[in-house]
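Written out below as structure tokens is the structure these notes cover.
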Amino acid sequence: MWVTDLISLFQENMPMLTEETVNTLYMTFVSSFFAYIFALPLGVALVVTREDGLHPMGSLYRILDIVVNIGRSVPFLILLVAIQPLTKLIVGKSYGSTATIVPLVVAATPFIARLIESSLQEVDHGVIEAAQSMGASLFTIIFKVLIPEARTSLMVGATIAIGTILGYSAMAGFAGGGGLGDIAVRYGYYRYEGEIMLITIILMVVLVQLIQAIGMKIARKTDKRVI
Amino acid sequence: METTPFIQIKDLQKEFISQNNTVTALSGINLNIDKGSIFGIIGMSGAGKSTLVRCINFLERPTSGTVIIGDKDLSKLNDRELRHVRQNIGMIFQQFNLLMQRNVEDNICFPLEIAGYSKKEGRKRAAELLEIVGLIDKKKAYPSQLSGGQKQRVAIARALATNPQLLLCDEATSALDPTTTRSILALLKDINKQFGITIIIITHEMSVVEEICDYVAIIDDGKLAESGSVEDVFSNPKTEAAKRLVYHSNTTSNTPIEMKGKRCIRIVFDGKSSFEPIIANMVLDNKALVNILYADTKDIKGKAYGHMVLQLPENEVQADKIINYLRNKNVNVEELIDYVGN
Ligand SMILES: Nc1ncnc2c1ncn2[C@@H]1O[C@H](COP(=O)(O)OP(=O)(O)OP(=O)(O)O)[C@@H](O)[C@H]1O
Ligand SMILES: [Mg+2]
Numbered sequence: 415m416w417v418t419d420l421i422s423l424f425q426e427n428m429p430m431l432t433e434e435t436v437n438t439l440y441m442t443f444v445s446s447f448f449a450y451i452f453a454l455p456l457g458v459a460l461v462v463t464r465e466d467g468l469h470p471m472g473s474l475y476r477i478l479d480i481v482v483n484i485g486r487s488v489p490f491l492i493l494l495v496a497i498q499p500l501t502k503l504i505v506g507k508s509y510g511s512t513a514t515i516v517p518l519v520v521a522a523t524p525f526i527a528r529l530i531e532s533s534l535q536e537v538d539h540g541v542i543e544a545a546q547s548m549g550a551s552l553f554t555i556i557f558k559v560l561i562p563e564a565r566t567s568l569m570v571g572a573t574i575a576i577g578t579i580l581g582y583s584a585m586a587g588f589a590g591g592g593g594l595g596d597i598a599v600r601y602g603y604y605r606y607e608g609e610i611m612l613i614t615i616i617l618m619v620v621l622v623q624l625i626q627a628i629g630m631k632i633a634r635k636t637d638k639r640v641i
Numbered sequence: 011m012e013t014t015p016f017i018q019i020k021d022l023q024k025e026f027i028s029q030n031n032t033v034t035a036l037s038g039i040n041l042n043i044d045k046g047s048i049f050g051i052i053g054m055s056g057a058g059k060s061t062l063v064r065c066i067n068f069l070e071r072p073t074s075g076t077v078i079i080g081d082k083d084l085s086k087l088n089d090r091e092l093r094h095v096r097q098n099i100g101m102i103f104q105q106f107n108l109l110m111q112r113n114v115e116d117n118i119c120f121p122l123e124i125a126g127y128s129k130k131e132g133r134k135r136a137a138e139l140l141e142i143v144g145l146i147d148k149k150k151a152y153p154s155q156l157s158g159g160q161k162q163r164v165a166i167a168r169a170l171a172t173n174p175q176l177l178l179c180d181e182a183t184s185a186l187d188p189t190t191t192r193s194i195l196a197l198l199k200d201i202n203k204q205f206g207i208t209i210i211i212i213t214h215e216m217s218v219v220e221e222i223c224d225y226v227a228i229i230d231d232g233k234l235a236e237s238g239s240v241e242d243v244f245s246n247p248k249t250e251a252a253k254r255l256v257y258h259s260n261t262t263s264n265t266p267i268e269m270k271g272k273r274c275i276r277i278v279f280d281g282k283s284s285f286e287p288i289i290a291n292m293v294l295d296n297k298a299l300v301n302i303l304y305a306d307t308k309d310i311k312g313k314a315y316g317h318m319v320l321q322l323p324e325n326e327v328q329a330d331k332i333i334n335y336l337r338n339k340n341v342n343v344e345e346l347i348d349y350v351g352n
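Sequence order for the protein chains is F and W.
Counting from 1, position 198 in the first sequence corresponds to residue 612 in the numbering used here; the numbering is continuous, with no gaps.
Counting from 1, position 235 in the second sequence corresponds to residue 245 in the numbering used here; the numbering is continuous, with no gaps.
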């Protein structure tokens with residue numbers, strides 16, 4: 415039967431599949447981590463400096479806004495190739511899982527910054543006003559009001575971001591990026607071995623589902639706004 | 011002997027400027043507010059009440075004029091000093107504005123964190139305050155688990171956390187039902203008595219002012235129409251804006267409806283006389299019937315206040331007799347031209 419064939423094929427290729435699954439997770443989480451380090455200040459700056467923000471700075475806002483838009487409009491595969499010199503400079507080589515992290519971070523940062531911006535934007539203005547009436551500084555408002563109050567939405571955003579980055583990491587398979595995407599491209603695209611490709615697709619679907627389920631669960635757990 | 015008032019608002023002007031127009035939300039506001047008093051600011055929607063209260067703690071920087079609280083001229087302070095002053099001014103809002111992701115205790119601790127208290131001090135103070143507002147059993151609850159009245163109690167506790175000398179309330183009871191409103195107002199009055207804290211209450215409801223304020227200012231279209239003790243302003247409103255609020259009636263109607271024949275008068279009770287015998291005696295003594303078109307009388311601090319609109323008999327002689335009768339009894343009588351009802 416076809417399903418049993420698939421299972422035995424899975425078992426045969428177990429070592430490779432495991433290794434590349436680990437690589438996929440490695441790329442996804444390390445990239446997400448670094449992307450958040452850059453995106454968090456960027457997202458906060460977008461919210462704070464806008465015209466009706468806590469600390470309006472029109473020109474800075476417009477610059478950041480444009481930079482983020484440019485970053486978001488470059489297709490990932492093109493970005494991956496275009497920044498290869500930078501990747502080489504940082505990692506020492508331009509292929510493999512670690513090298514893929516660089517374009518992943520660059521591609522995900524503006525996307526995540528937008529997610530963060532929209533999450534922070536949701537925080538009730540009245541609560542911010544209350545904090546201001548207590549004499550809170552901008553710094554206090556950002557770290558004790560904006561981010562904590564938006565935490566559920568930020569968690570949902572992170573879940574979406576990680577899922578998307580996982581998808582990007584698979585695309586990097588076309589450029590020798592490593593991970594499950596790499597297997598899919600090598601076997602499915604170059605050797606026409608559809609079954610292996612199918613297995614990698616199933617694995618990726620399972621990973622995305624898991625990330626989604628865990629992320630949403632954490633988001634719900636941290637949400638005190640509903641009983 | 012003259013003492014300087016606790017709060018002095020001088021020539022306050024606030025304009026909101028956008029690309030295509032300028033809104034003058036406040037102009038020429040001068041007010042003095044005594045320490046320990048409960049001061050009401052009342053006006054119609056859009057009159058500028060919220061803007062005024064936000065100017066008092068400089069959440070909104072006035073376009074010109076100044077606010078002096080105690081010995082501090084807020085317009086002369088830098089951001090840092092201003093934040094410091096705000097740490098000693100409590101504020102509560104119509105929508106409560108609690109941090110939804112923090113429990114009750116941590117909400118109350120928030121202003122203390124800002125003011126640099128330790129966590130332990132914060133906890134201790136939170137417990138004291140929860141005792142005062144009667145919510146000690148809700149210490150670990152989240153705002154989403156509380157009723158509107160309970161949320162406002164938490165907000166009051168939070169506003170009092172740093173022991174402020176001034177509490178600003180912007181429509182603090184407008185989202186609450188009448189019974190809850192009463193209990194919140196009673197709590198505010200209690201706090202005022204117990205701690206001598208000055209309270210400024212913004213409202214569009216007469217009943218709130220009547221219930222707890224000592225003084226009232228009426229804001230109309232960005233200007234101060236009238237101010238004074240609640241007794242004075244409510245018993246004898248002078249300006250159109252004040253009358254409109256106090257009598258809920260439209261005496262400035264620019265589309266007068268013709269009243270056929272019968273004259274109407276408004277009689278005002280200023281708290282000096284009891285009104286019932288006067289009307290009864292008037293009817294008995296003059297042997298004339300009057301029609302009570304409208305009556306709005308209230309008990310303010312144990313005295314009768316309010317007004318009544320009477321329709322006089324068609325007979326001119328009888329009508330004049332009634333007016334004279336009332337005037338002789340020292341009742342404030344005002345003849346209404348084009349009375350169109352309320
Ligand atoms: N940030 C702002 N920008 C522009 N105009 C404003 C702003 N805030 C208030 N205004 C205007 O100032 C005027 C007074 O508004 P304000 O909110 O003080 O009224 P209010 O008396 O509190 O009314 P309400 O009872 O409806 O709360 C209104 O015309 C309003 O449109
Ligand atoms: Mg208002």
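Even glycine gets a Cβ: it sits at the ideal position worked out from N, Cα and C.
On a CA-only basis, which of the options is nearest residue i? Give me that one, please.
i, options, result
"Phe-448 of chain F", "F:Val-458, F:Met-471, F:Ile-515", "F:Ile-515"
"Gly-281 of chain W", "W:Glu-250, W:Val-341, W:Glu-138, W:Tyr-225", "W:Val-341"
"Ile-579 of chain F", "F:Arg-528, F:Glu-434, F:Gly-549, F:Thr-442", "F:Thr-442"
"Met-110 of chain W", "W:Ser-28, W:Lys-150, W:Gly-56", "W:Lys-150"
"Leu-494 of chain F", "F:Val-482, F:Asn-483, F:Gly-608, F:Tyr-509", "F:Tyr-509"
"Val-541 of chain F", "W:Pro-121, W:Glu-138, W:Met-216", "W:Pro-121"
"Phe-68 of chain W", "W:Ala-185, W:Leu-178, W:Lys-297, W:Lys-148", "W:Leu-178"
"Leu-195 of chain W", "W:Val-114, W:Ile-102, W:Asn-98", "W:Ile-102"
"Ser-74 of chain W", "W:Asn-98, W:Ile-48, W:Glu-25", "W:Glu-25"
"Arg-639 of chain F", "F:Asn-437, F:Glu-465, F:Arg-565", "F:Arg-565"
"Glu-215 of chain W", "W:Tyr-304, W:Gln-162, W:Ser-55", "W:Ser-55"
"Ala-584 of chain F", "F:Glu-563, F:Leu-621, F:Gly-608", "F:Leu-621"
"Cys-5 of chain W", "F:Asn-437, F:Glu-543, F:Ser-445", "This structure leaves residue 5 of chain W out entirely; chain W is present only between 11 and 352."
"Val-219 of chain W", "W:Arg-192, W:Asp-330, W:Gly-206, W:Ile-332", "W:Arg-192"
"Ile-530 of chain F", "F:Leu-624, F:Gly-457, F:Thr-438, F:Lys-558", "F:Gly-457"
"Cys-274 of chain W", "W:Asn-246, W:Ile-310, W:Glu-326", "W:Glu-326"
"Ile-492 of chain F", "F:Ile-561, F:Ile-555, F:Ala-586", "F:Ala-586"
Within a Cβ cutoff of 6 Å, which residues of the same chain sit near residue i, ignoring the five residues on either side of it in sequence?
i, result
"Glu-344 of chain W", "Arg-276"
"Ile-17 of chain W", "Ile-43, Ile-79"
"Glu-433 of chain F", "none"
"Tyr-152 of chain W", "Asn-113"
Could you pull the start and end residues of the alpha helix (DSSP H) that residue i belongs to?
i, result
"Ala-169 of chain W", "158 to 170"
"Lys-233 of chain W", "Taken as a continuous stretch (DSSP letters only), Lys-233 of chain W belongs to no alpha helix (DSSP H), being part of the beta strand (DSSP E) at 233 to 239."
"Leu-454 of chain F", "428 to 463"
"Leu-145 of chain W", "Per DSSP, Leu-145 of chain W belongs to no alpha helix (DSSP H) and is neither H nor E."
"Ser-74 of chain W", "Careful: Ser-74 of chain W lies outside any alpha helix (DSSP H), inside the beta strand (DSSP E) at 74 to 79."
Grab me the residues of residue i's own chain with a C-beta within less than 7 Å of its C-beta, minus the 5 sequence neighbours each way, in chain order.
i, result
"Lys-339 of chain W", "Ile-288"
"Lys-82 of chain W", "Val-95"
"Met-649 of chain F", "Shown here, chain F extends from 415 to 641; a query on residue 649 of chain F therefore has no answer."
"Tyr-606 of chain F", "none"
Hey, quick one: how far does the beta strand (DSSP E) through residue i stretch, first residue to last?
i, result
"Ala-227 of chain W", "225 to 230"
"Gln-546 of chain F", "Not the beta strand (DSSP E): Gln-546 of chain F falls in the alpha helix (DSSP H), residues 539 to 547."
"Leu-346 of chain W", "342 to 346"
"Val-33 of chain W", "32 to 43"
"Ser-487 of chain F", "Unbroken run through Ser-487 of chain F is the alpha helix (DSSP H), 472 to 487; no beta strand (DSSP E)."
"Glu-25 of chain W", "17 to 27"
"Val-278 of chain W", "274 to 280"
"Met-101 of chain W", "99 to 103"
For residue i, which residues in the same chain have their Cβ closer than 8 Å to its Cβ, ignoring the five residues on either side in sequence?
i, result
"Leu-234 of chain W", "Gly-38, Ile-39, Asn-40, Leu-41, Ala-227, Ile-228"
"Arg-337 of chain W", "Val-343"
"Ile-118 of chain W", "Gly-132, Arg-135, Ala-136, Leu-139, Leu-140, Val-164, Ala-167, Arg-168, Ala-171"
"Asn-246 of chain W", "Val-278, Asp-280, Asn-342"
"Asn-296 of chain W", "Gln-328, Lys-331, Ile-332, Tyr-335"
Rounded C-beta distance between residue i and residue j? I'm assuming under 8 Å.
i, j, result
"Ile-201 of chain W", "Leu-156 of chain W", "The pair is not a contact, with the Cβ atoms about 19 Å apart (cut-off 8 Å)."
"Pro-72 of chain W", "Gln-105 of chain W", "Not a contact, Cβ separation roughly 24 Å."
"Phe-279 of chain W", "Tyr-225 of chain W", "With a Cβ gap of about 20 Å, Phe-279 of chain W and Tyr-225 of chain W do not count as contacting."
"Ile-212 of chain W", "Ile-48 of chain W", "The Cβ separation is near 12 Å, so there is no contact."
"Lys-248 of chain W", "Glu-324 of chain W", "So it is not a contact: roughly 32 Å between Cβ atoms."
"Pro-524 of chain F", "Val-482 of chain F", "4 Å"
### Query
Is there contact between the region 43 to 63 of chain W and the region 82 to 92 of chain W, where contact requires at least three CB pairs shorter than 8 Å?
no
### Query
Contact between the region 565 to 573 of chain F and the region 621 to 639 of chain F: three or more CB pairs below 8 Å?
yes
### Query
With a cut-off of 8 Å, do at least 3 Cβ pairs link the region 174 to 183 of chain W to the region 134 to 151 of chain W?
no
### Query
Does the region 518 to 532 of chain F come close enough to the region 474 to 494 of chain F that 3 or more CB-CB pairs lie under 8 Å?
yes
### Task
Evaluate the contact criterion for the region 496 to 506 of chain F versus the region 422 to 431 of chain F: three or more CB pairs, one atom per stretch, below 8 Å.
no
### Query
Is the region 584 to 602 of chain F touching the region 610 to 628 of chain F, taking contact as three or more C-beta pairs under 8 Å?
yes
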